[in-house]
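What follows is a single structure, written as structure tokens, with notes after it.
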Amino acid sequence: MATVQRSGSRETHQVFNQAPPLVDYNVYEADRPLVESVRREGAEWAEARIAAVGAFAGSEHAQTLGALANENPPKLKTHDRYGHRVDEASFHPAWHELLGASVEHELHSSPWKDPRPGAHVARGAAFMCMSQAEAGVGCPISMTYSVIPALRTQPELAAEWEPRFLSAEYDPRNAPAPGKSGALAGMGMTEKQGGTDVRANTTVARPVDGGGPGAEYELSGHKWFMSAPMCDAFLVLAQADGGISCFLFPRWTPDGERNRFRLQRLKDKLGNRSNASSEIEFDSASAWLVGEEGGGVRTIIEMVNHTRLDCVIGGATGMRAGVAQAIHHASHRSVFGRELSEQPLMRNVLADLSVESEAATIAAMRLARAYDEAIAGDEEAANLKRIANAVLKYWICKRAPMHAGEALECLGGNGYVEESGLPRLFRESPLNSIWEGSGNVQCLDVLRAMIKSPAALEAFFAEVQEGAVGEPRLAAYVTSLREEIPGDVETIEVRARRVVEKMALALQASLLVRYGDEAVADAFCASRLSGDWGQAFGTLSAGTDFGRIIERHSPAT
Ligand SMILES: Cc1cc2nc3c(=O)[nH]c(=O)nc-3n(C[C@H](O)[C@H](O)[C@H](O)COP(=O)(O)OP(=O)(O)OC[C@H]3O[C@@H](n4cnc5c(N)ncnc54)[C@H](O)[C@@H]3O)c2cc1C
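Following numbering that gives the first Met the number 0, the numbering of the sequence shown begins with 0 at its first residue and continues without gaps.
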């Protein structure tokens with residue numbers, strides 16, 4: 000009798016009709032829209048480097064590190080065992096390995112070290128790959144990448160710090176920067192009473208010896224959000240006599256003392272859990288003025304512009320990760336005797352998610368090229384970048400949570416379980432829309448660009464028009480968009496989301512029509528422009544070439 004019992008229990012533990020894990024594939028090479036974008040936008044020369052990041056990020060090892068870094072979030076350590084203040088966040092080894100790999104691959108520095116055409120595209124594509132292992136490490140990487148143009152406002156500070164920030168060696172020690180083999184940068188703008196409204200900052204800066212650009216000041220006050228507090232230096236905003244000003248605040252003073260700041264708390268966040276986001280207080284902390292007193296916003300916006308590019312890339316990254324997981328699962332799971340990926344309604348969902356993902360990827364890489372060209376002195380590109388960054392940050396980041404939720408559902412109950420990685424993707428998804436200027440702020444920034452830089456709006460329409468020439472649905476859409484700008488001036492602010500959404504769709508359509516897959520472009524125009532669509536994903540028209548779109552976006556190479 001006992002033997003029969005055991006054999007019965009073995010029967011119940013046969014596992015079948017479950018998808019294998021999606022690991023050990025190259026997230027770059029498997030991503031056709033990304034590969035095509037890299038080649039088209041001028042970064043073909045970097046493909047081997049991007050593919051190396053793609054191989055690492057898709058490995059089982061890196062995927063495991065990403066999960067571990069999230070399951071073991073950083074811990075606050077205010078004091079050492081003897082009671083001395085240390086003000087540190089301590090991280091799991093998985094975080095260090097991922098951040099170290101990102102630094103070794105120069106995701107924080109490559110365009111500044113080797114500023115050739117396509118450098119920001121190459122770096123953006125590699126960043127997109129690495130973030131598919133774990134998005135949290137992208138925060139200090141992005142801030143270190145972005146600090147360089149702002150820091151260059153003050154050449155002597157740049158001369159001292161830039162070599163440290165550009166180093167390809169990851170040195171996680173909490174020690175004075177001159178003795179380290181590499182350094183990372185963060186930023187502190189947001190205070191309790193205002194994040195968007197940084198002019199409301201109350202942190203005070205007093206000159207130590209007369210003040211002026213590059214001179215030392217003492218900061219007293221607080222920051223309500225300061226992510227990656229283990230960084231070696233931060234650009235922070237504070238009120239000097241001349242108004243809101245930007246300062247370089249190092250963790251250690253030049254004489255090798257811990258700088259006078261207190262790490263008060265780490266935030267208990269919805270997602271982005273591998274990364275530390277802190278509340279801090281300055282207690283007459285030493286800092287050096289970057290740029291002029293009163294020019295703080297103008298200076299730090301150079302940094303914020305680049306982190307905003309990474310928000311756009313981050314939104315596209317989440318969508319790509321979701322599509323890859325959804326198609327992978329649906330290709331390995333049968334329901335009612337047929338693979339999910341063969342079920343007509345699931346095909347509609349997968350294709351619709353893919354269309355959204357391709358539109359995001361292609362737009363993010365086009366934007367990165369505008370950065371390359373603008374930095375090289377191309378005025379038209381600078382105008383396009385000025386407006387397109389805000390347009391795309393608004394729309395791509397806004398679409399991400401909805402996209403992640405639908406990708407998660409493609410895995411059914413498994414998608415709701417942590418081990419699948421989809422809950423992590425879902426929790427991360429609202430963040431890019433919030434930080435670096437939230438949704439409304441981006442829309443208002445688009446209005447500002449329209450008013451203050453009419454050339455930016457012209458550059459935007461010139462780019463869109465290139466696609467509209469051969470696509471009547473886009474041409475009609477652009478005509479109606481033009482009628483809304485500014486339209487009724489009295490109501491333009493209340494209509495800003497509607498207008499910016501339309502601008503984003505027009506730009507994405509124009510890029511897809513010219514450079515994307517034909518079936519994807521057709522589905523995008525029919526659904527997003529002509530309204531042959533529902534209100535959820537999976538509502539493309541029956542005539543869509545579902546098979547072609549899904550095949551193109553499948554992670555199976
Ligand atoms: C995980 C995380 C990490 C962060 N890390 C950092 C960091 O390292 N450094 C840093 O400085 N900050 C950081 N932030 C802060 C972040 O940049 C701010 O939270 C964000 O800019 C919004 O500011 P706020 O929270 O003060 O919200 P508010 O400014 O109060 O805005 C609240 C809402 O009002 C909207 N709004 C604002 N103005 C208008 C308007 N005129 N009209 C209509 N709507 C408006 C906004 O879009 C937003 O939705 C971080 C935030 C998070 C969540």
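Ideal Cβ placement from N, Cα and C applies to all residues, glycine included.
- For Arg31 against Arg551, the beta-carbon gap comes to about 6 Å, under 8 Å, which counts as contact.
- Tyr81 counts as exposed, since fewer than 16 other beta carbons sit within 10 angstroms of its beta carbon.
- Distance from the CA atom of Asn71 to the CA atom of Gly270, rounded to whole angstroms, is 13 Å.
- Residue ranges of uninterrupted alpha helix (DSSP H) with 4 or more members, entirely inside the region 332-374 and ordered along the chain, are 343-374.
- Look at Glu301: its beta carbon is at least 7 Å from all of the heavy atoms in ligand 1.
- The beta carbon of Glu408 lies closer than 7 Å to those of Gly414 in the same chain, with the five residues before and after it left out.
- Within the DSSP bridge table, the entry for Ile140 names no partner.
- Around the beta carbon of Lys501, 16 or more other beta carbons sit within 10 angstroms, so the residue counts as buried.
- Assigned with DSSP and collapsed to three states, Tyr393 falls in helix.
- By the Cβ criterion, the region 171-189 is in contact with the region 225-241, since at least three pairs of Cβ atoms, one from each stretch, lie closer than 8 Å.
- Boundaries of the alpha helix (DSSP H) around His328: 295-329.
- Per DSSP, the continuous alpha helix (DSSP H) segment holding Ala467 begins and ends at 453-467.
- Closest in alpha carbon position to Trp94, among Cys128, Pro116, Cys138, is Cys138.
- The continuous stretches of beta strand (DSSP E) do not include Cys128, which lies in the alpha helix (DSSP H) extending over residues 118-129.
- The three-state reading of DSSP puts Asp444 in helix, counting H, G and I together.
- In the three-state reduction of the DSSP assignment, His107 falls in the coil class, being assigned neither a helical nor a strand state.
- Here Val120 is actually not in contact with Met401; their C-beta atoms are around 27 Å apart, not less than 8 Å.
- Non-local C-beta neighbours of Gln62 in its own chain, meaning closer than 7 Å and more than five positions away in sequence, comprise Val22, Ala132, ordered along the chain.
- It is roughly 43 Å from the alpha-carbon of Cys524 to the alpha-carbon of Ala167.
- Excluding five sequence positions before and after Arg172, the CB atoms of its chain that fall closer than 7 Å to its own CB belong to Lys179, given in chain order.
- Rounded to the nearest angstrom, the Cβ distance from Glu40 to Ala358 is 15 Å, too far for a contact under 8 Å.
- Looking at the DSSP output, Glu215 shares a beta bridge with Trp287.
- Taking each of Val102, Tyr144, Pro92, Ile140 in turn and checking the Cα distance to Pro114, the smallest one comes out for Tyr144.
- When C-beta atoms of the region 421-428 are compared with those of the region 266-286, three or more pairs fall below 8 Å, so the two segments count as touching.
- Val493 sits exposed, since fewer than 16 C-beta atoms from the chains shown fall within 10 Å of its C-beta.
- When C-beta atoms of the region 530-549 are compared with those of the region 497-511, fewer than three pairs fall below 8 Å, so the two segments do not count as touching.
- Here the distance from the Cβ of Met364 to the nearest heavy atom of ligand 1 is not below 7 Å.
- Annotation: Arg122 to Ala362 spans about 15 Å, alpha carbon to alpha carbon.
- Distance between Ser141 and Glu10, taken at the CA atoms: about 51 Å.
- Three or more Cβ pairs closer than 8 Å define a contact, and the region 379-388 meets that threshold against the region 453-460.
- DSSP, read as helix, strand or coil, puts Thr543 in coil.
- For the pair Gly135 and Leu308, the Cα-to-Cα distance works out to about 16 Å.
- Secondary structure of Leu75 (DSSP, three-state): strand.
- Taking the Cα positions, Arg48 is about 34 Å away from Arg346.
- By the 16-neighbour rule on beta-carbons within 10 angstroms, Ser479 is exposed.
- Cβ-Cβ distances below 6 Å link Thr201 to Gly220 in the same chain, with the five nearest sequence neighbours on each side left out; the list follows chain order.
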